[in-house]
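Novice:
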Amino acid sequence: MQPIQKITDEEICKECPKYLKSLFGAIFLVLSKLVKWIIGFEEIAVKTFDYFLQQFALDIQHLSEENPGASISQQIVNYCSIETENFSIFNISHRAFVDVFMGCCVEGTIPRNIKDHVLCDEKILMRICRPAITALSFTSNLMLLKSIQYEYFDCIISAYLKSNLHYMYLQDWSAIQILISNLDPELFLKYMLFNIAPSMQTPVNFETPLPSLLSVSELELDYNMSKLLFYVYNALVERHYIGVADNPEFRLLQRQIIHSLAGEYQTIEDIRNMDEIIGRVSFTTYSPDPVDRRALKPPFFNTVNMFCFVYYFLENLELQDKILSLYKEYGSKFQPPDLLQLRDGFEGMNNFLYPNAFFDLIIHVLVDWFGNIRPSKTGSVVNLLLVSMSRRKTKNVFLST
150 MQPIQKITDE
160 EICKECPKYL
170 KSLFGAIFLV
180 LSKLVKWIIG
190 FEEIAVKTFD
200 YFLQQFALDI
210 QHLSEENPGA
220 SISQQIVNYC
230 SIETENFSIF
240 NISHRAFVDV
250 FMGCCVEGTI
260 PRNIKDHVLC
270 DEKILMRICR
280 PAITALSFTS
290 NLMLLKSIQY
300 EYFDCIISAY
310 LKSNLHYMYL
320 QDWSAIQILI
330 SNLDPELFLK
340 YMLFNIAPSM
350 QTPVNFETPL
360 PSLLSVSELE
370 LDYNMSKLLF
380 YVYNALVERH
390 YIGVADNPEF
400 RLLQRQIIHS
410 LAGEYQTIED
420 IRNMDEIIGR
430 VSFTTYSPDP
440 VDRRALKPPF
450 FNTVNMFCFV
460 YYFLENLELQ
470 DKILSLYKEY
480 GSKFQPPDLL
490 QLRDGFEGMN
500 NFLYPNAFFD
510 LIIHVLVDWF
520 GNIRPSKTGS
530 VVNLLLVSMS
540 RRKTKNVFLS
550 T
């Protein structure tokens with residue numbers, strides 16, 4: 150099952166994805182407890198950071214020696230193409246590092262030298278986040294796999310998104326937020342684009358300026374630009390750990406349960422024992438089933454971030470229909486979440502929207518929308534909407550600081 154390859158004739162047992170999901174669910178349950186223990190002991194956390202950073206440095210040295218003619222940044226960006234190479238989306242060690250790092254940032258226990266080493270070293274930062282980029286590259290391109298022989302990919306995505314309250318998925322979002330906050334904006338956008346559209350990696354020169362890069366045919370603008378903007382928008386608004394809050398874990402769990410219930414009815418066991426949050430956001434639905442299920446209270450549909458569901462296509466379509474009916478029947482309305490002030494080390498996220506790189510992207514989206522004003526070209530409209538929402542929502546917080 151892992152690593153996998155997009156182009157393969159290998160027969161995969163249909164039961165394997167189910168066992169894989171069960172295995173990783175158990176692993177992440179143990180891992181989350183271990184990470185919490187590490188975060189609680191500063192000395193152990195420091196030793197953990199030192200060990201990981203030594204390994205990341207060795208990885209970078211190996212890349213440099215393997216291909217001395219190319220920049221390290223370019224090699225990391227093109228390190229794994231899901232189009233042609235074996236890849237895995239279940240890299241546990243990098244996710245654990247991100248989890249410990251973000252946990253210590255929230256607790257305020259991370260030493261300044263380690264924090265600077267991670268956030269201020271471009272190569273280390275990109276290497277740490279490489280598995281997250283690979284996973285998002287895979288999920289972004291899953292809908293393009295039409296052949297029935299790739300049905301098992303859907304099971305792998307399900308394991309990635311749903312195992313133990315989305316453990317890997319959450320760490321990958323933290324990784325994206327770390328990159329946006331601390332990486333050069335043009336380099337970040339290239340890192341994302343060359344992996345959201347992996348067919349660009351071979352024919353397109355990495356040194357191509359961003360305005361020219363946005364025009365290459367391999368980018369498939371409508372589809373892939375929407376994916377990039379989905380990721381950017383979610384990273385900007387879902388600030389569970391990078392934002393200053395009295396109880397970030399409670400806030401995160403409440404958002405998780407809201408989105409879990411928005412997609413479908415759940416049993417209490419499905420969403421585990423979080424009685425206070427469950428009582429606040431949901432109610433019991435009675436049915437002939439042996440187990441009563443919970444449904445999201447209608448007012449909380451206002452706070453659902455529709456773009457949390459774009460990574461799992463079928464769930465997204467079902468949610469769209471459900472929320473559309475709520476808009477019509479109950480007068481629900483879209484209400485973006487309040488943005489938290491950013492923690493030390495992540496203030497660069499507010500600045501991300503204002504440099505030339507993102508401005509070039511906005512101009513390209515506007516030009517594309519203007520040139521495609523017709524009913525069949527919904528992708529251009531979605532891109533325009535996401536750019537407008539990202540700029541406006543973050544600008545309001547930026548001006549209030």
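Each residue of the sequence shown is one higher than the one before, counting from 150 in the numbering used here. Don't be surprised by glycine CBs; every beta carbon is placed ideally from N, CA and C. Please read these numbers as outputs of a predicted model, since none were measured by experiment.
(1) Excluding five sequence neighbours on each side, which residues of the same chain lie with their C-beta closer than 6 Å to the C-beta of I282?
(2) In whole angstroms, give me the CA-to-CA distance for E215 and E232.
(3) Would you grab the beta carbon distance between L368 and A346 for me? Rounded to a whole angstrom, and I think it's under 8 Å.
(4) Is the region 485-498 touching the region 321-340 in the sense that three or more CB pairs, one from each, lie closer than 8 Å?
(5) Quick test of the definition: if touching needs 3 or more C-beta pairs under 8 Å, does the region 202-221 touch the region 255-262?
(6) Below 8 Å, can you find three or more Cβ-Cβ pairs linking the region 271-279 to the region 349-365?
(7) Can you find the residues in the same chain that come closer than 7 Å, C-beta to C-beta, to P334, ignoring five residues on each side of it along the sequence?
(8) According to DSSP, is R276 part of a helix, a strand, or is it coil?
(9) Go ahead and label W186 buried or exposed: buried means 16 or more other beta carbons lie within 10 angstroms of its beta carbon, across all protein chains shown.
(10) Would you check if the distance between the CB atom of S181 and the CB atom of Y316 is smaller than 8 Å?
(11) Start and end of the alpha helix (DSSP H) containing V249?
(12) For L268, which residues in the same chain have their Cβ closer than 8 Å to its Cβ, ignoring the five residues on either side in sequence?
(13) Over what stretch of residues does the alpha helix (DSSP H) that includes D199 continue unbroken?
(14) Ignore the nearest five residues each way along the sequence and tell me which others in F337's own chain have a CB closer than 7 Å to its CB.
(15) So the alpha helix (DSSP H) N262 belongs to, where does it begin and stop?
(16) If I'm right that L488 touches V393 with Cβ under 8 Å, what's the distance once you round it to whole angstroms?
(17) Could you give the distance in angstroms between the alpha-carbon of N235 and the alpha-carbon of Y318?
(18) Could you tell me whether the Cβ of E214 comes closer than 8 Å to any Cβ of chain D?
(19) If you draw a straight line from the alpha carbon of I241 to that of A444, how long is it in whole angstroms?
Specialist: From the atom records:
(1) N344
(2) 22 Å
(3) 5 Å
(4) yes
(5) no
(6) no
(7) F501, P504, A506, F507
(8) helix
(9) exposed
(10) yes
(11) 241-256
(12) L274, I327, S330, N331, G494
(13) 191-215
(14) L328, I329
(15) 261-269
(16) That pair is no contact at about 11 Å.
(17) 20 Å
(18) Here chain D cannot be found, since the structure has a single protein chain.
(19) 33 Å
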